[in-house]
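> Line order of the protein sequences matches chains G, Y and B. Remember, this note's numbering sits 3 above the position in the first sequence when you count from 1. Remember, this note's numbering sits 3 above the position in the second sequence when you count from 1. Remember, this note's numbering sits 3 above the position in the third sequence when you count from 1. Glycine included, every Cβ here is placed at the ideal spot set by N, Cα and C. I am attaching a structure below and will ask some questions about it afterwards.
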Amino acid sequence: MSPLLKEIRHNPMLWLLAFVPVVFGAARLRPAAHTLLFVLSVLAIVPLATLLSHATESVAAKTGDAAGGLLNATLGNLTELVIALTALRAGEYMLVKASIAGAIVTNTLFMLGASFLLGGLKHHVQEYNRVTARVQAGLLFLATVALLVPSAIAAADSAEKAAIVQDLSLGLSVLLIGAYALGMLFSLKTHKEFFASAEHADDGEAPWPMGLALATLAGVTVLVALVSEIFVESVQKAAETFGMSQAFVGFIVVALVGGAAEMASAFSGARKDRLDLSVGIALGSASQIALFVAPVLVLLSYVIGPTPMSLQLWPGAVVMMLFATLTASMVTNSGRSAWFVGVLLLMVYSVFAMTLYLLPPS
Amino acid sequence: MSPLLKEIRHNPMLWLLAFVPVVFGAARLRPAAHTLLFVLSVLAIVPLATLLSHATESVAAKTGDAAGGLLNATLGNLTELVIALTALRAGEYMLVKASIAGAIVTNTLFMLGASFLLGGLKHHVQEYNRVTARVQAGLLFLATVALLVPSAIAAADSAEKAAIVQDLSLGLSVLLIGAYALGMLFSLKTHKEFFASAEHADDGEAPWPMGLALATLAGVTVLVALVSEIFVESVQKAAETFGMSQAFVGFIVVALVGGAAEMASAFSGARKDRLDLSVGIALGSASQIALFVAPVLVLLSYVIGPTPMSLQLWPGAVVMMLFATLTASMVTNSGRSAWFVGVLLLMVYSVFAMTLYLLPPS
Amino acid sequence: MSPLLKEIRHNPMLWLLAFVPVVFGAARLRPAAHTLLFVLSVLAIVPLATLLSHATESVAAKTGDAAGGLLNATLGNLTELVIALTALRAGEYMLVKASIAGAIVTNTLFMLGASFLLGGLKHHVQEYNRVTARVQAGLLFLATVALLVPSAIAAADSAEKAAIVQDLSLGLSVLLIGAYALGMLFSLKTHKEFFASAEHADDGEAPWPMGLALATLAGVTVLVALVSEIFVESVQKAAETFGMSQAFVGFIVVALVGGAAEMASAFSGARKDRLDLSVGIALGSASQIALFVAPVLVLLSYVIGPTPMSLQLWPGAVVMMLFATLTASMVTNSGRSAWFVGVLLLMVYSVFAMTLYLLPPS
Numbered sequence: 004m005s006p007l008l009k010e011i012r013h014n015p016m017l018w019l020l021a022f023v024p025v026v027f028g029a030a031r032l033r034p035a036a037h038t039l040l041f042v043l044s045v046l047a048i049v050p051l052a053t054l055l056s057h058a059t060e061s062v063a064a065k066t067g068d069a070a071g072g073l074l075n076a077t078l079g080n081l082t083e084l085v086i087a088l089t090a091l092r093a094g095e096y097m098l099v100k101a102s103i104a105g106a107i108v109t110n111t112l113f114m115l116g117a118s119f120l121l122g123g124l125k126h127h128v129q130e131y132n133r134v135t136a137r138v139q140a141g142l143l144f145l146a147t148v149a150l151l152v153p154s155a156i157a158a159a160d161s162a163e164k165a166a167i168v169q170d171l172s173l174g175l176s177v178l179l180i181g182a183y184a185l186g187m188l189f190s191l192k193t194h195k196e197f198f199a200s201a202e203h204a205d206d207g208e209a210p211w212p213m214g215l216a217l218a219t220l221a222g223v224t225v226l227v228a229l230v231s232e233i234f235v236e237s238v239q240k241a242a243e244t245f246g247m248s249q250a251f252v253g254f255i256v257v258a259l260v261g262g263a264a265e266m267a268s269a270f271s272g273a274r275k276d277r278l279d280l281s282v283g284i285a286l287g288s289a290s291q292i293a294l295f296v297a298p299v300l301v302l303l304s305y306v307i308g309p310t311p312m313s314l315q316l317w318p319g320a321v322v323m324m325l326f327a328t329l330t331a332s333m334v335t336n337s338g339r340s341a342w343f344v345g346v347l348l349l350m351v352y353s354v355f356a357m358t359l360y361l362l363p364p365s
Numbered sequence: 004m005s006p007l008l009k010e011i012r013h014n015p016m017l018w019l020l021a022f023v024p025v026v027f028g029a030a031r032l033r034p035a036a037h038t039l040l041f042v043l044s045v046l047a048i049v050p051l052a053t054l055l056s057h058a059t060e061s062v063a064a065k066t067g068d069a070a071g072g073l074l075n076a077t078l079g080n081l082t083e084l085v086i087a088l089t090a091l092r093a094g095e096y097m098l099v100k101a102s103i104a105g106a107i108v109t110n111t112l113f114m115l116g117a118s119f120l121l122g123g124l125k126h127h128v129q130e131y132n133r134v135t136a137r138v139q140a141g142l143l144f145l146a147t148v149a150l151l152v153p154s155a156i157a158a159a160d161s162a163e164k165a166a167i168v169q170d171l172s173l174g175l176s177v178l179l180i181g182a183y184a185l186g187m188l189f190s191l192k193t194h195k196e197f198f199a200s201a202e203h204a205d206d207g208e209a210p211w212p213m214g215l216a217l218a219t220l221a222g223v224t225v226l227v228a229l230v231s232e233i234f235v236e237s238v239q240k241a242a243e244t245f246g247m248s249q250a251f252v253g254f255i256v257v258a259l260v261g262g263a264a265e266m267a268s269a270f271s272g273a274r275k276d277r278l279d280l281s282v283g284i285a286l287g288s289a290s291q292i293a294l295f296v297a298p299v300l301v302l303l304s305y306v307i308g309p310t311p312m313s314l315q316l317w318p319g320a321v322v323m324m325l326f327a328t329l330t331a332s333m334v335t336n337s338g339r340s341a342w343f344v345g346v347l348l349l350m351v352y353s354v355f356a357m358t359l360y361l362l363p364p365s
Numbered sequence: 004m005s006p007l008l009k010e011i012r013h014n015p016m017l018w019l020l021a022f023v024p025v026v027f028g029a030a031r032l033r034p035a036a037h038t039l040l041f042v043l044s045v046l047a048i049v050p051l052a053t054l055l056s057h058a059t060e061s062v063a064a065k066t067g068d069a070a071g072g073l074l075n076a077t078l079g080n081l082t083e084l085v086i087a088l089t090a091l092r093a094g095e096y097m098l099v100k101a102s103i104a105g106a107i108v109t110n111t112l113f114m115l116g117a118s119f120l121l122g123g124l125k126h127h128v129q130e131y132n133r134v135t136a137r138v139q140a141g142l143l144f145l146a147t148v149a150l151l152v153p154s155a156i157a158a159a160d161s162a163e164k165a166a167i168v169q170d171l172s173l174g175l176s177v178l179l180i181g182a183y184a185l186g187m188l189f190s191l192k193t194h195k196e197f198f199a200s201a202e203h204a205d206d207g208e209a210p211w212p213m214g215l216a217l218a219t220l221a222g223v224t225v226l227v228a229l230v231s232e233i234f235v236e237s238v239q240k241a242a243e244t245f246g247m248s249q250a251f252v253g254f255i256v257v258a259l260v261g262g263a264a265e266m267a268s269a270f271s272g273a274r275k276d277r278l279d280l281s282v283g284i285a286l287g288s289a290s291q292i293a294l295f296v297a298p299v300l301v302l303l304s305y306v307i308g309p310t311p312m313s314l315q316l317w318p319g320a321v322v323m324m325l326f327a328t329l330t331a332s333m334v335t336n337s338g339r340s341a342w343f344v345g346v347l348l349l350m351v352y353s354v355f356a357m358t359l360y361l362l363p364p365s
């Protein structure tokens, strides 16, 4: 148990783990205090996501390149997946869809922008591997386009034929998962040199022993699932109290909370002038949401949801996702960044957040 | 006649020529068997398109650089043009428009994607001339944007003022043809070095004698026109039988059939690691549709169509064309490709096809 | 007074200054001759804008790098700002918004396109600093996206909640001006090497003495304001006479008139094979409109306008701005240009102009 404790002592973010028992206690004692439960569950999920990410990396480091990469690629967005699954089971499809769209936008605008800004405040100009970034941005753009086709076309044609959109979403999900499987073959086997620098660096930290890592992985996933249930139950009422729409909560709050661990890695990479790492995490994670998390949720909605869920998003989300991935492509195109590029990315993100706050989808 | 026969023996695709008499016979004997006629006419057009393409290249090779290039650039999409003209004369404007949009999307997604995939299965990473590809992708993007302006603006403003859109289409067609003429001056005269590698390579095949080439060109064009008539007549009924919308037929079937010959060249280039050739054919052919075929059809609709045809497309087609050309720009930006890039392009194409199949334009 | 007179004798465009007294005389004698007043005021604004631009550069040259750059960046679009302010005070919000959108589109398509064409007619292929152009195009794209968010989302969601869009516009304006201030810190202080080549070259002309420059700056601004009043009053009636919509006037006429001075610099740079200068002026000026002029007008509408003005544009303008900035990004991506690229940019601009002329926003 010593590496886990050492890690907790070493990493201030993990001190938030104290909120995990607190949120369970509060849920039992004050089940109606939605705002309190919402805040506590957010504070509890962040350190759990960090632990989950470390455990995944430790298992990945032990199991060797291909299997480890596979694990990392599949479990890298485990927190987002567990939260979305809980919302899915509760039938909160708006929250699920908003969190998918939000995760892509947050990764490409906020995570990338803050990495550029934090890195740029320390280094005058930062260069990164342009070729790799272009391949990754191209993949992300294609993944997002595929994901958006039903919404874009349905929106453009203002067709409300729900049944057709549902069939389309199902077919698309199968295609996306197929592309994801081929993508893993590509990035882990045939062309791993393109993705080499995006490996989660261990920075001299010794990986945990296998048993501890697996136990942490299992235990923490259960904890995230339990806290997520409190989070999803409380979020709607709490959002009303704060004057936030469900779209805002899913798009901004869930995406920031769920991606906290990856952001910590990306920001630390940027500060160390290893921007390849930051760009790789941001674009890779966004691609994974589009190609894996979103279709898995659609397929699972047939099993665990009250009704099947489609991939149709509200038009504002389509616009935001397109702008975000186009922006990511434009910005990573030059292979160099400076602090102001980060400022502009964060500004576009703020504009989106402000819009969602003020203009909830009807 | 020997080079033509040798070519036919050599190239298995030309064995399909046997279907040309079959389709004429079937049209006479079973004029109501629409599905059969549809399938037979598709099988007959593919080898005719291949012959047409070889004849054009042979004439071009004999007449020297500038005139040959001019010929190639004008007749490169002759099959598409003849099919569209037949549909135009029959007043099937939906089919005409769908085949214009579909040819651009099919060239940029399917032809490029399959080239990347087929080339990538044989070669680890393929590099091509990035500068040339960027110039070509830039031209294609501008050509498509110009073509889309009336639809995009009409759609955005939901203005249904048919007369204005018609005037706009007419003015735009004149502008596009002017740009096309200047573009030939550019690519054949002042800056031909940019387009050099995109020449249809003859790969050691001796070009046909001039007389044979010209006779083939004339004769096959007539045959294509005759088969197109059967195709256009049967396609609507056959589509109903297969449960396909007219949009799907124009967008996917006509585009694949009409472009079969160019695809064969592009794929063979990719297998030989001559991706410059494949990218040049795909992007050049798409530009030609936008700058030449589309406006010529609008102008001819005043002469041979029942009523003038506008350039206004249905919104879904606008979205698909924009996505396709943006994608082509993004993807050719890096100047290198691997098999998975091809998979993703094909996936986006499949998504479009699936959408058109399930969600016909209202 | 001699440098000013020498400049006037030297520069034929300044001979148009003769129209300044003429327009004032005509406004007094024939206040109802709207078409005449419109033409005269256009002819008077063009030389005034040129003088204003020279005076700004002279003051900037004297005050040293940082302050001079600040001045140039703030007053570079002074003519556009003064015209828009006059229209704002008169409550002509459609004209104001059209001139904002039009200035961005005109700078990125017409100014850039004509520079490429004029330069390309003299030089076979022109190269310019690709890295700088990409950074500038990236900034422009982000600035435009931020500006467009309210319109794009409102359009997509077809929400007509005027009050919310107004709040959003106000918040966005504050964000944009903040980003603009940081952008000046970036381009004048921390990373000025990226923008070095875009300095307005004085080409051996001695800058004017400080007193003369300041007096010209003040005097000419007043003259522009006075002429603008006649222009804004007459434009609506004159437009009707010419069959032009207000959108067309704002988008095309005001943008061309207001940007005349910058265009002269950009075109002369292109002829001298200094395309970095032309690209820098075109993209920089467009960014400045989006990040500075537009939000300043929104904020000032609270003080001097009859009612607050929002940033919501009509959907056609959104489409055009997006196409224009995407195009600028694509086209400057390769770092080289030839005459045909200019032709295509001008063609897209003509298509926009034709569309606005034929299809006025409802």
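1. If I measure Cβ to Cβ from alanine 331/B and keep anything under 7 Å in the same chain, skipping five residues before and after, which residues do I get?
2. Between the segment 76-89 of chain B and the segment 38-52 of chain B, do at least 3 Cβ pairs fall closer than 8 Å?
3. Just mark aspartate 205/B as buried or exposed, buried being the case when its beta carbon has 16 or more other beta carbons within 10 Å.
4. With a threshold of 8 Å between beta carbons, is alanine 117/G in contact with chain B?
5. What residue ranges within the segment 286-348 of chain B form continuous alpha helix (DSSP H) runs of no fewer than 4 residues, ordered along the chain?
6. For leucine 40/B and valine 26/B, which I take to be in contact (beta-carbon distance under 8 Å), what is that distance rounded to the nearest angstrom?
7. In the structure shown, what three-state DSSP assignment does glutamate 265/Y receive?
8. Quickly, what does DSSP pair glutamate 130/G with across the bridge? List them, please.
9. Step through the CB atoms of chain G and report whether any lies within less than 8 Å of the CB of phenylalanine 343/Y.
10. Using a cut-off of 7 Å between C-beta atoms, extract the partners of serine 154/Y located in chain B.
11. Cutting at 8 Å between CB atoms, please list the residues of its own chain near valine 108/Y, excluding the five before and the five after it.
12. Taking buried to mean at least 16 other C-beta atoms within 10 Å of its own C-beta, is glycine 28/Y buried or exposed?
13. Listed from N- to C-terminal order along the chain, which residues in the segment 21-43 of chain G have their beta-carbon within a distance smaller than 7 Å of any beta-carbon of chain Y?
14. Can you find the residues in the same chain that come closer than 6 Å, C-beta to C-beta, to alanine 101/Y, ignoring five residues on each side of it along the sequence?
15. What residue range is occupied by the uninterrupted alpha helix (DSSP H) comprising isoleucine 233/B?
16. Just checking my contact of serine 118/Y with serine 281/Y at CB under 8 Å: how many whole Å lie between their CB atoms?
17. Taking C-beta pairs closer than 8 Å, name the residues in chain B that aspartate 170/Y reaches, listed in chain order.
18. Using a beta-carbon distance below 8 Å, is methionine 97/B in contact with chain Y?
19. If the cut-off is 8 Å on Cβ atoms, which residues from the segment 324-340 of chain B count as contacting chain Y, listed in chain order?
20. By Cβ distance, which residues of its chain are closer than 8 Å to leucine 19/G, with the 5 residues on each side in sequence left out?
21. Please report the Cβ distance between threonine 38/Y and alanine 264/Y, rounded to the nearest whole angstrom; I am assuming they are in contact, meaning their Cβ atoms lie under 8 Å.
22. Which residues in chain B sit within 9 Å of phenylalanine 144/G, going by Cβ to Cβ distance?
23. If you draw a straight line from the alpha carbon of valine 138/B to that of glycine 338/B, how long is it in whole angstroms?
24. For proline 50/B, name the three-state secondary structure that DSSP assigns.
25. Taking the alpha carbon of glycine 123/G as the reference point, which residue from Ala289/B, Thr193/B and Val225/B has its own alpha carbon closest?
26. Where does the unbroken alpha helix (DSSP H) through leucine 112/G begin, and where does it stop?
27. Could you tell me which chain G residues have their CB closer than 8 Å to the CB of threonine 358/Y, listed as they occur along the chain?
28. Can you list, in chain order, the residues of its chain with a C-beta nearer than 6 Å to that of glutamate 236/Y? Leave out the 5 residues immediately preceding and following it.
29. With distances taken from CA atoms, which of Val334/Y, Val62/Y and Leu362/Y is nearest leucine 215/Y?
30. Count the other CB atoms within 10 Å of the CB of arginine 277/Y; is the residue buried (16 or more) or exposed (fewer)?
Well, looking at it:
1. In the third sequence, the residue the question calls residue 331/B occupies position 328. Result list for alanine 331/B: Thr111, Leu115, Ala140, Leu143 and Leu286, in chain order.
2. yes
3. Numbered from its first residue, the third sequence carries residue 205/B at position 202. The predicted model places aspartate 205/B with a pLDDT of 48, which falls under 50 and marks its position as unreliable; any figure quoted below should be read in that light. Exposed.
4. The count along the first sequence starts at 1 and reaches residue 117/G at position 114. Chain B, which has no Cβ nearer than 8 Å to the Cβ of alanine 117/G, makes this no.
5. 297-307 and 318-335
6. As a working mapping, residue 40/B is identified with position 37 in the third sequence. As a working mapping, residue 26/B is identified with position 23 in the third sequence. The pair is a contact, with the Cβ atoms about 7 Å apart (cut-off 8 Å).
7. Working through the second sequence from its first residue, we reach residue 265/Y at position 262. Residue state, collapsed to three classes: helix.
8. In the first sequence, counting from the first residue as 1, residue 130/G sits at position 127. In the DSSP output, where bridge partners are listed per residue, glutamate 130/G has Arg339/G.
9. Taking the second sequence and counting its residues from 1, the one referred to as residue 343/Y is at position 340. Chain G contact via Cβ: present.
10. The sequence position of residue 154/Y within the second sequence is 151, counting from 1. Correct list: empty, because the minimum Cβ distance to chain B is about 10 Å.
11. Sequence index remark: in the second sequence, residue 108/Y carries index 105 (1-based). Excluding positions up to five away in sequence, the list reads Phe254, Ala258, Met323, Met324, Ala327, Tyr352 and Phe355.
12. The residue labelled residue 28/Y in the question sits at position 25 within the second sequence. Counting Cβ neighbours within 10 Å, glycine 28/Y comes out exposed, since fewer than 16 surround it.
13. none
14. Sequence index remark: in the second sequence, residue 101/Y carries index 98 (1-based). Around alanine 101/Y: Ala250, Gly253 and Phe254.
15. Indexing the third sequence from 1 puts residue 233/B at position 230. Per DSSP, isoleucine 233/B belongs to the alpha helix (DSSP H) from 213-245.
16. The sequence position of residue 118/Y within the second sequence is 115, counting from 1. The sequence position of residue 281/Y within the second sequence is 278, counting from 1. Between serine 281/Y and serine 118/Y the Cβ distance is about 4 Å, and since that is below 8 Å, they are a contact.
17. Here residue 170/Y refers to the residue found at position 167 when the second sequence is read from its first residue. Ordered by position in chain B, the residues that pass the 8 Å Cβ test against aspartate 170/Y are Leu361.
18. Indexing the third sequence from 1 puts residue 97/B at position 94. Answer no: the Cβ-Cβ gap between methionine 97/B and chain Y never drops below 8 Å.
19. Phe326, Leu329, Thr330, Met333, Val334, Asn336, Ser337 and Arg339
20. Position 16 of the first sequence, counting from 1, holds the residue named residue 19/G. The residues are Leu46, Ala47, Val49 and Pro50.
21. Taking the first residue of the second sequence as position 1, residue 38/Y is located at position 35. Taking the first residue of the second sequence as position 1, residue 264/Y is located at position 261. With a Cβ gap of about 25 Å, threonine 38/Y and alanine 264/Y do not count as contacting.
22. Sequence index remark: in the first sequence, residue 144/G carries index 141 (1-based). Those do not exist, as phenylalanine 144/G stays about 13 Å from chain B at its closest Cβ, beyond 9 Å.
23. Within the third sequence, the letter at position 135 stands for residue 138/B. Within the third sequence, the letter at position 335 stands for residue 338/B. Approximately 12 Å, taken between the alpha carbons.
24. For the purposes of this step, residue 50/B is taken as residue 47 along the third sequence, with counting starting at 1. Reduced to three states, the DSSP call for proline 50/B is helix.
25. Residue mapping note: residue 123/G aligns to position 120 of the first sequence, counting from 1. Among Ala289/B, Thr193/B and Val225/B, the Cα nearest to that of glycine 123/G belongs to Thr193/B.
26. Taking the first sequence and counting its residues from 1, the one referred to as residue 112/G is at position 109. That residue, leucine 112/G, is in no alpha helix (DSSP H); it is neither H nor E in DSSP.
27. Translated into the one-based positions of the second sequence, residue 358/Y becomes position 355. Near threonine 358/Y (Cβ distances below 8 Å), the residues of chain G are Val152, Pro153, Ile156 and Leu171.
28. Along the second sequence, one-based indexing puts residue 236/Y at 233. So no residue of the chain qualifies.
29. In the second sequence, the residue the question calls residue 215/Y occupies position 212. Closest option to leucine 215/Y, Cα to Cα, is Val62/Y.
30. Numbered from 1 along the second sequence, position 274 holds the residue referred to as residue 277/Y. Looking at its Cβ environment, which holds 16 or more other Cβ atoms inside 10 Å, arginine 277/Y is buried.
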